[in-house]
Amino acid sequence: MLWLRKTLAAYRDWAGRLNRDGNGEPIILLNDEGVRFVEASVDHPLNETVNFQHPPTLLSLHPNLKGVVELFQVQVTRFSCGSMVVGFTVHHLVADGYATRNFLVAWGEACRGLDINPLPFHDRTIFSPRNPPKFEFEHRG
Numbered sequence: 000m001l002w003l004r005k006t007l008a009a010y011r012d013w014a015g016r017l018n019r020d021g022n023g024e025p026i027i028l029l030n031d032e033g034v035r036f037v038e039a040s041v042d043h044p045l046n047e048t049v050n051f052q053h054p055p056t057l058l059s060l061h062p063n064l065k066g067v068v069e070l071f072q073v074q075v076t077r078f079s080c081g082s083m084v085v086g087f088t089v090h091h092l093v094a095d096g097y098a099t100r101n102f103l104v105a106w107g108e109a110c111r112g113l114d115i116n117p118l119p120f121h122d123r124t125i126f127s128p129r130n131p132p133k134f135e136f137e138h139r140g
């Protein structure tokens, strides 16, 4: 849990909450309210618990989303054979696939005692539209 805390210090938006601005647009409140972290254990080995040929059984290893306000949820399930499964979900407003990959790599770096590198870039103003639009490259077509 300590390593997750270190990673979330760099990825503060993952521990925030979803809200709306004055125009009704979704925003993330950077309030450090945290993430949902669930630990579970199973008294059977992994190969007897999950049928990898039937993917719906894998859903039991995924965090339950009903009534959840956290933008990032993790469930760690340990099996009697020593195996461990980490299931997670993140709100798409927080991260796309590439950002999720960066977070998971950063979490792994923190677990190994390494510095998180590179740190996430949080300046969303680079995505603000210009008025009027300005195209800086040649368009063909």
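Heads up: the sequence shown is residues 0 to 140, going by numbering that gives the first Met the number 0.
Virtual Cβ for every residue (Gly too), placed ideally from N, Cα, C.
{"Item": "For T99, I'd like the list of residues in its chain whose CB is within less than 7 angstroms of its CB, leaving aside the five on either flank, ordered along the chain.", "Value": "V89"}
{"Item": "Quick check on DSSP: helix, strand or coil for A94?", "Value": "coil"}
{"Item": "Quick one: give me the first and last residue of the beta strand (DSSP E) that T48 is part of.", "Value": "From DSSP, T48 is part of no beta strand (DSSP E) but of the alpha helix (DSSP H) over 45–48."}
{"Item": "In terms of alpha-carbon separation, which member of C80, D31, F87, R19 lies closest to A9?", "Value": "D31"}
{"Item": "For the structure I just gave you, are there three or more beta carbon pairs, one from the region 41–52 and one from the region 1–15, closer than 8 angstroms?", "Value": "no"}
{"Item": "Out of I26, S40, P119, which one is the CA nearest neighbour of Q74?", "Value": "S40"}
{"Item": "Look up F78 in the DSSP assignment and say whether it is helix, strand or coil.", "Value": "strand"}
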